[in-house]
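Accompanying notes for the structure given below.
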Amino acid sequence: MIWRRSADKNERRAQAHALRPGVQDNSAHDQMRLGFDLDGTIADLHGALALEARRLFPGIDLAVLPNSAAVDDAPAGDTAADSEASALSIGALTSRQQRQLWDAVCERENFWESLDEIEPGSLRRLYQMVRQHRWELMFMTSRPESKGDRAQLQSHRWLMKHGYETPAVMVVHGSRGKICSALQLDVLVDDRPENCLDVAIDSSARAILMWRGDEGKVPGSARQLGIGSVKSMQECLDILEQLDRGEPDQGGVVDRLKRLLGLGTSARRRRT
Amino acid sequence: MTVNTVLTVATILAVATWGTVLTYLLQIERRRADAQALLRELHATLERDDVKRLPAADRVARVKPILERSTRELLMYAAADASATPSTVDIVATYLNVRWPGQLEENAFGHRTARDRWRRITALRILHRLDQPTSLALLSRAIDQPDVAVAEAAFTLLSQSADPRAMDLLLGALTARRHPASRVASHIEGSPQRIAPRLRTLLTHVDPVARLWAATLLARYPNEPVEADLAPLTSDADPRVRKAALQTLALVGDELAAEQATRLLTDPVPYVRAHAARCLGELGRADLAEPVTKLLGDRDWWTRLAAREALEAMGSEVWPLVMRCLGHDDAFVRNGAAEVIQNIGVLDSLIVMEAASDNPGEAKIALLRRIAQAGGMHFTESLVDRAGPVVGARIRALLSTIGLERVEAR
Numbered sequence: 022m023i024w025r026r027s028a029d030k031n032e033r034r035a036q037a038h039a040l041r042p043g044v045q046d047n048s049a050h051d052q053m054r055l056g057f058d059l060d061g062t063i064a065d066l067h068g069a070l071a072l073e074a075r076r077l078f079p080g081i082d083l084a085v086l087p088n089s090a091a092v093d094d095a096p097a098g099d100t101a102a103d104s105e106a107s108a109l110s111i112g113a114l115t116s117r118q119q120r121q122l123w124d125a126v127c128e129r130e131n132f133w134e135s136l137d138e139i140e141p142g143s144l145r146r147l148y149q150m151v152r153q154h155r156w157e158l159m160f161m162t163s164r165p166e167s168k169g170d171r172a173q174l175q176s177h178r179w180l181m182k183h184g185y186e187t188p189a190v191m192v193v194h195g196s197r198g199k200i201c202s203a204l205q206l207d208v209l210v211d212d213r214p215e216n217c218l219d220v221a222i223d224s225s226a227r228a229i230l231m232w233r234g235d236e237g238k239v240p241g242s243a244r245q246l247g248i249g250s251v252k253s254m255q256e257c258l259d260i261l262e263q264l265d266r267g268e269p270d271q272g273g274v275v276d277r278l279k280r281l282l283g284l285g286t287s288a289r290r291r292r293t
Numbered sequence: 206m207t208v209n210t211v212l213t214v215a216t217i218l219a220v221a222t223w224g225t226v227l228t229y230l231l232q233i234e235r236r237r238a239d240a241q242a243l244l245r246e247l248h249a250t251l252e253r254d255d256v257k258r259l260p261a262a263d264r265v266a267r268v269k270p271i272l273e274r275s276t277r278e279l280l281m282y283a284a285a286d287a288s289a290t291p292s293t294v295d296i297v298a299t300y301l302n303v304r305w306p307g308q309l310e311e312n313a314f315g316h317r318t319a320r321d322r323w324r325r326i327t328a329l330r331i332l333h334r335l336d337q338p339t340s341l342a343l344l345s346r347a348i349d350q351p352d353v354a355v356a357e358a359a360f361t362l363l364s365q366s367a368d369p370r371a372m373d374l375l376l377g378a379l380t381a382r383r384h385p386a387s388r389v390a391s392h393i394e395g396s397p398q399r400i401a402p403r404l405r406t407l408l409t410h411v412d413p414v415a416r417l418w419a420a421t422l423l424a425r426y427p428n429e430p431v432e433a434d435l436a437p438l439t440s441d442a443d444p445r446v447r448k449a450a451l452q453t454l455a456l457v458g459d460e461l462a463a464e465q466a467t468r469l470l471t472d473p474v475p476y477v478r479a480h481a482a483r484c485l486g487e488l489g490r491a492d493l494a495e496p497v498t499k500l501l502g503d504r505d506w507w508t509r510l511a512a513r514e515a516l517e518a519m520g521s522e523v524w525p526l527v528m529r530c531l532g533h534d535d536a537f538v539r540n541g542a543a544e545v546i547q548n549i550g551v552l553d554s555l556i557v558m559e560a561a562s563d564n565p566g567e568a569k570i571a572l573l574r575r576i577a578q579a580g581g582m583h584f585t586e587s588l589v590d591r592a593g594p595v596v597g598a599r600i601r602a603l604l605s606t607i608g609l610e611r612v613e614a615r
């Protein structure tokens, strides 16, 4: 059982204070509930987009392509993509190019099933861990629909094909934080910093940022905001696996997760 | 002719007056120099190794020629001097008692004139330093009388004492209210005695001022189990007592303190609300930050300030909660929240995270702009440089969109 209700005062205190300030405790459930983003976290959207982008715009800088699909990434017909805000969006691609790119990939039959796994074998390992530790897990994606089956069904088949035998997957838009709060998730793993920020703001879940880019300032900034940062699925799974090995006096799951992710402890003054 | 005479006489008178005053001043200065020389000689003689080894009677005999040249007041001054060694005090006081028997006690008993008051205070100091049996009674009498200077001297002497009876007198003075309780309390605070159990008994005193100071003084004992005793005072009818209880609970408290402070965040008295917020801040209870954010829009400006400072004291962990306040209907709450985010130092991290996103949302950019506007924060180029080539360029674009000023890194 992850959330032990021990009579020990220190443990109760540690658990209570590990919660996000001002956010309702969603941890009444016994088992850890995980959320995993797909594109950029597990599925290699960047590689698939790169192939298409090379065909459409020879000479394009592939570094500016997104790793994942978001509702704002302007699939076909989204006139908002023409707004000035797109100057901040995916780098050198103009809004028209973005739209062309998305139109092209969405025209492909069951495009979402064609993606590769970023780290082959990681999904199989995740599935084994979920079964072994009796976790609950939900995959989340903001994929736009493509030709063929619904994005949800494509994602479902893709997950099974890569070793996750019984996936639960939802195509969702909007704040990942609110979704995490509604689903009472404990942890969300996502490659998009803005999603991790949403999780921190709108839920009691802990966000883990899958940051495969250069070290730069992003992981440090994430840590300062209480968001963990990992470089790979393997690292993420290693940390999650250690969560269930915690000793009873090491506090709750969130406390242990914070420690494993190297996040700072609360400013709370503890009497000795 | 007449005018010349008047001027001449006036000049002579002026010169004579000036000469008289000058002579008087020079005389005073000479006496002072003589007195200081005498004291130096006295101290030097008594501190000599060969004199130190002598019995008291022999030491008195050795310095008797010096002492006989001194006035009584000069000797009192020497004995009461804070820098005087115990040996000097002993010798001089012994001599004073022998030469003017009973005079010190008489001086310490009461006074009529200003000069008498100096003698009284000095006599009290000497008798206290000698640890005379009559000292406590005389000090008690001194604090029972309305003269502020004498009482202040007596409080000082009592606060230096390790004798429990001295603390009895101080605590008695605190509740008697003959002198300002704050003054008495400051002396109690300076006492070397550990009096937590005695202060605990005062927490239920009928006088709210006594309860107030008992609660305040208990802050000196963070390791004493006083939290449960203080907690009831957070429901005291007197708001000053509630405030004092919160202040001390902030330093010595834990769970119960946090519980009471949370309750008092809605106290009808503004300064109690403010101290409730500060208490939670001092306790670092980021998990209880949400009700504190409501005080960012309090009708009392001091309470709003306290809420901001309390949230800042809770650390950077409160940022998600404070971010939510940026969309509040109340402008005070929005501005307060923006200031807190600036001051807890997470704005640059928010900028970096948002810039690292593929497509920062307009709503988030608006929030960042609001935070930036609250403090006019400057960013150094190093923030951009350290972020790496891809994210760095995005940060530059985002900062420009938000309207933040960039300055050169120092």
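Line by line, the protein sequences are chains C and W.
Per the working numbering: the first sequence = residues 22 to 293.
Per the working numbering: the second sequence = residues 206 to 615.
Backbone N, C-alpha and C define an ideal beta-carbon position, used for all residues, glycine too.
Any chain C beta carbon closer than 7 Å to S345 of chain W: No, its Cβ sits nowhere closer than 7 Å to a Cβ of chain C.
For my contact list, R478 of chain W and L485 of chain W are in at a C-beta cut-off of 8 Å; report their separation, rounded to the angstrom. Taking 8 Å as the upper bound for CB-CB distance, R478 of chain W and L485 of chain W are not in contact here, some 11 Å apart.
May I ask you to list the residues that DSSP assigns as paired with D65 of chain C? Within the DSSP bridge table, the entry for D65 of chain C names C:D137 as partners.
Can you tell me the Cβ-Cβ gap for T508 of chain W and P475 of chain W, rounded? I've got them flagged as a contact below 8 Å. Right, their Cβ atoms sit about 5 Å apart.
For K569 of chain W, which residues in chain C fall below 8 Å Cβ to Cβ? Those are E215 and L218, listed as they occur along chain C.
If you run the structure through DSSP and keep just helix, strand and coil, what is S250 of chain C? Strand at S250 of chain C.
Check whether the Cβ of A71 of chain C lies closer than 7 Å to any Cβ atom in chain W. For A71 of chain C, the answer is no, since every Cβ of chain W falls outside 7 Å of its Cβ.
Residues near T290 of chain W in its chain [Cβ-Cβ closer than 8 Å; skip 5 each side]: Excluding positions up to five away in sequence, the list reads H248, L251 and E252.
Does the distance from the C-beta atom of M254 of chain C to that of S167 of chain C stay below 7 Å? Not a contact, by the Cβ cut-off of 7 Å.
Nearest-angstrom Cα distance between A238 of chain W and A285 of chain W? Those two C-alpha atoms are separated by around 19 Å.
If you measure from the beta carbon of K238 of chain C to each beta carbon in chain W, is any gap under 7 Å? Put simply, the CB of K238 of chain C is near chain W, with a gap under 7 Å to one of its CB atoms.
Opposite E157 of chain C in the DSSP bridges: which residues? E157 of chain C is bridged by DSSP to C:R54.
For N31 of chain C and chain W, any beta-carbon pair shorter than 7 Å? Only weak support exists for where N31 of chain C lies, its pLDDT of 38 falling under 50; the value from the coordinates is given anyway. With respect to chain W, the C-beta atom of N31 of chain C has no partner C-beta closer than 7 Å.
Mind listing the chain W neighbours of I222 of chain C? Cutoff is C-beta to C-beta under 9 Å, in chain order. Residues of chain W passing the Cβ test: W524, P525, L526, M528 and R529.
According to a CB-to-CB cut-off of less than 9 Å, which residues of the region 545-566 of chain W neighbour chain C? Close to chain C, meaning a Cβ-Cβ distance shorter than 9 Å, are the following residues of the region 545-566 of chain W: G550, V551, D553, S554, L555, I556, V557, M558, E559, A560, A561, S562, D563, N564, P565 and G566.
Would you mind stating whether L379 of chain W and V389 of chain W have Cβ atoms separated by less than 7 Å? L379 of chain W is a Cβ neighbour of V389 of chain W, given a cutoff of 7 Å.
Pull up the DSSP beta-bridge partners for T162 of chain C, would you. T162 of chain C is bridged to C:V192.
Under 7 Å, do R383 of chain W and L341 of chain W count as touching if we go by C-beta distance? Remark: C-beta atoms of R383 of chain W and L341 of chain W do not approach each other more closely than 7 Å.
With a CB to CB cut of under 7 Å and the five nearest residues on each side skipped, what residues in its chain are close to L284 of chain C? Cβ within range, chain order: R244, G247 and G249.
Step through the CB atoms of chain W and report whether any lies within less than 7 Å of the CB of S242 of chain C. True, the Cβ-Cβ gap to chain W drops below 7 Å.
Do three or more CB pairs link the region 170-188 of chain C to the region 132-140 of chain C at distances below 8 Å? Here the region 170-188 of chain C makes contact with the region 132-140 of chain C; the two share three or more CB pairs at distances below 8 Å.
Just checking my contact of P525 of chain W with A221 of chain C at CB under 8 Å: how many whole Å lie between their CB atoms? Their Cβ separation, rounded to whole angstroms, is 5 Å, which keeps P525 of chain W and A221 of chain C in contact under 8 Å.
Check whether chain W comes within 7 Å of Q245 of chain C, counting only Cβ atoms and requiring the distance to be less than that. True, the Cβ-Cβ gap to chain W drops below 7 Å.
Rounded to the nearest angstrom, how far is the Cβ of M150 of chain C from that of E73 of chain C, given a contact under 8 Å? With 8 Å as the limit, M150 of chain C and E73 of chain C do not qualify as a contact, their Cβ atoms being about 33 Å apart.
Under the rule that 16 or more other beta-carbon atoms within 10 Å means buried, what is G395 of chain W, buried or exposed? By the neighbour-count criterion, in which 16 or more other beta carbons inside 10 Å mark a residue as buried, G395 of chain W falls on the exposed side.
Answer with buried or exposed for S288 of chain W, where buried requires no fewer than 16 other C-beta atoms within 10 angstroms of its C-beta. Result: exposed.
Along chain C, in chain order, which residues have C-beta atoms closer than 7 Å to that of S521 of chain W? Within chain C, the residues whose beta carbon sits less than 7 Å from that of S521 of chain W are Q245, listed in sequence order.
What number of angstroms, rounded off, separates the C-alpha of A226 of chain C from the C-alpha of D434 of chain W? Note on geometry: alpha-carbon atoms of A226 of chain C and D434 of chain W lie some 37 Å from one another.
Relative to the C-alpha of V446 of chain W, which candidate in W:I576, W:Y426 and W:R416 has its C-alpha closest? When only C-alpha atoms are compared, the closest one is W:R416.
DSSP state of V297 of chain W, grouped into three classes? Correct three-state label for V297 of chain W: helix.
Look at the Cβ atom of R233 of chain C, then the Cβ atom of D219 of chain C, and state whether they are nearer than 7 Å. Between R233 of chain C and D219 of chain C, the C-beta spacing is not below 7 Å.
Do the region 222-242 of chain W and the region 254-266 of chain W meet, that is, are 3 or more Cβ pairs less than 8 Å apart? With a cut-off of 8 Å, the region 254-266 of chain W and the region 222-242 of chain W do not count as touching, because too few Cβ pairs lie within range.
On a CA-only basis, which of W:F360, W:R245, W:S275 and W:A482 is nearest P496 of chain W? Give me that one, please. Selected option, being the one with the closest Cα: W:A482.
Do you know how far the Cα of I81 of chain C is from the Cα of I111 of chain C? Residue placement at I111 of chain C is poorly supported in this model, since its pLDDT is 45, which falls under 50; the coordinates are not used for a value here.
Local Cβ density within 10 Å of I546 of chain W, reported as buried at 16 or more and exposed below that: With a threshold of 16 other beta carbon atoms within 10 Å, I546 of chain W meets it and is buried.
Just the Cα atoms here: how many angstroms apart are A381 of chain W and I348 of chain W? Taking the Cα positions, A381 of chain W is about 10 Å away from I348 of chain W.
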